[in-house]
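Peer 1: Questions regarding the structure given below will be posed in turn.
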Amino acid sequence: MSQRYFEDIAPDEELEPLERLPTEDQAVEFFGRDNPTNPAFGDAEAGRRMGFGGALVPGLLKLSWIANYVGAWAGPGANLRSVRVAFRRPDIAGKPLTLAGRVVDKRREDGRNVVELEVVTLADGQPSVRGNVQVELPSRP
Amino acid sequence: MSDVQESRITDEHRAMIGRASDPIEVVPRTADARRMRELLGDADPRWADGTGVAPPYILAMLEPRLPEDLSPRVLSSGILTQTEWTFSRPIRLEEPLRAVTRLIDVRDRLGGRYGYSVLVMFQTAYLNAAGEEAAASLRTITQFDRPQS
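Sequence lines, in order, name chains A and B. Going by our numbering, 405 is the number at position 34 of the first sequence; the sequence numbering is gapless. Going by our numbering, 662 is the number at position 40 of the second sequence; the sequence numbering is gapless.
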């Protein structure tokens, strides 16, 4: 896990896309097997009964993937300030998702190095989640 | 979703804005953090075993259900459409936090892609024993009328 430094970041810089394959088991395991939430998260039949094509991928799992994706890009010396996502359409377990992102701004704010990114999850090339993430990056030593 | 062109938000709904839940104690558990890290394949050393620090996405386990008595029922159905997490400092494992949820806004969305809908926004603050905020979440529920089948 390498460290990114504020001075080396340029607006429009793109993050390496990352593919994730959500499964029904992941959806259940994410919240813990003794902590059921939406029955459609771990049960394709329940998802179909609710009008979806199968088991739903929890929004909070996708949000966590986005936080993790940006955190891994930024490196261990960075601080995640905020992550905001809009859920645009449901995702179905078994269909791959691609995370992609780019830097949209960098600035000094109250003595801190703030970098803003836009991140999306793409299913069949269409955004299913759109996110904005703010991280603080260290200066190059 | 319906094609209403006038607000269905009443004064009674608006009067609920600002109301807060009673505090609920939530604890970021070490076992949850480890399970989630492994599931995500997260090798970040900041929240590895032994650091006592939770990964930021531990908030997914802490989010309290939205209290019924804080939720104005303007339209018949609702789904979570936006979430924002904000971090004031790292979250410590096994540190009890008080979660306080507040209704912060109710607003119309006229003429959207799916017709009339209502945005209901809740903020949950996670406070330590000294009352200092560790993190906060903002959740937006989009309410709509399910079409008659």
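Note that the Cβ used here is the ideal one computed from N, Cα and C, for glycine as well.
For Arg-724 of chain B, I'd like the list of residues in its chain whose CB is within less than 6 angstroms of its CB, leaving aside the five on either flank, ordered along the chain.
Peer 2: Ala-642 and Gln-745
Peer 1: Taking the alpha carbon of Arg-768 of chain B as the reference point, which residue from B:Gly-640, B:Gly-733, B:Asp-730 and B:Ser-739 has its own alpha carbon closest?
Peer 2: The residue among B:Gly-640, B:Gly-733, B:Asp-730 and B:Ser-739 with its C-alpha nearest the C-alpha of Arg-768 of chain B is B:Ser-739.
Peer 1: Drop a sphere of 10 angstroms on the beta-carbon of Val-648 of chain B, count the other beta-carbons inside from all chains shown, and report buried for 16 or more, exposed for fewer.
Peer 2: buried
Peer 1: Is it true that the CB of Leu-719 of chain B sits closer than 8 angstroms to the CB of Tyr-748 of chain B?
Peer 2: yes
Peer 1: Between Ala-417 of chain A and Ser-698 of chain B, what straight-line distance do the alpha-carbon atoms span, to the nearest angstrom?
Peer 2: So the alpha carbons of these two residues sit roughly 21 angstroms apart.
Peer 1: Closer than 9 angstroms between beta carbons: that is the criterion. Which residues of the segment 465-491 of chain A meet it against chain B?
Peer 2: none
Peer 1: Which residues of chain B have a Cβ atom closer than 8 angstroms to the Cβ of Gly-430 of chain A, listed in chain order?
Peer 2: Leu-702 and Thr-705
Peer 1: Figure out for me which residue from A:Leu-508, A:Asn-503 and A:Arg-511 has the closest Cα to the Cα of Trp-437 of chain A.
Peer 2: Per the sequence shown, the amino acid found at residue 437 of chain A is Ile instead of Trp. Of the candidates A:Leu-508, A:Asn-503 and A:Arg-511, the one whose C-alpha sits nearest the C-alpha of Ile-437 of chain A is A:Asn-503.
Peer 1: Using a cut-off of 8 angstroms between C-beta atoms, extract the partners of Asn-587 of chain A located in chain B.
Peer 2: Nothing in the structure corresponds to residue 587 of chain A, since chain A is present only between 372 and 512.
Peer 1: Indicate, with yes or no, if the ligand COA has a heavy atom lying under 7 angstroms from the CB of Leu-389 of chain A.
Peer 2: In the structure on display, the ligand COA does not appear, and there are no ligands present to speak of.
Peer 1: How would you list, in chain order, the residues of chain A whose beta-carbon sits under 8 angstroms from the beta-carbon of Phe-709 of chain B?
Peer 2: Asn-450, Leu-451, Arg-452 and Ser-453
Peer 1: Only counting runs of 3 or more residues, tell me where the beta strand (DSSP E) segments fall wholly within the segment 407-463 of chain A, in order along the chain.
Peer 2: As far as the segment 407-463 of chain A is concerned, its whole beta strand (DSSP E) runs of at least 3 residues are 450-458.
Peer 1: Against chain A, does Arg-714 of chain B count as a neighbour if the rule is that its beta carbon must be under 8 angstroms from one of theirs?
Peer 2: no
Peer 1: Less than 6 angstroms between C-beta atoms, sequence neighbours within five positions excluded: which residues of the same chain meet that for Arg-390 of chain A?
Peer 2: In the sequence as presented, Arg is not what sits at residue 390 of chain A; that position holds Glu. Excluding sequence neighbours, Glu-390 of chain A sits near Pro-467 and Thr-469.
Peer 1: Using C-beta distances below 6 angstroms, list every residue in its chain close to Ser-499 of chain A, excluding the 5 sequence neighbours before and after it, in chain order.
Peer 2: Arg-459, Arg-460, Asp-462 and Thr-492
Peer 1: Sort A:Phe-423, A:Arg-473, A:Arg-478 and A:Arg-479 by Cα distance to Arg-501 of chain A and report the nearest one.
Peer 2: A:Arg-473
Peer 1: Would you list, in chain order, the members of the segment 715-733 of chain B that have their beta-carbon closer than 7 angstroms to a beta-carbon of chain A?
Peer 2: none
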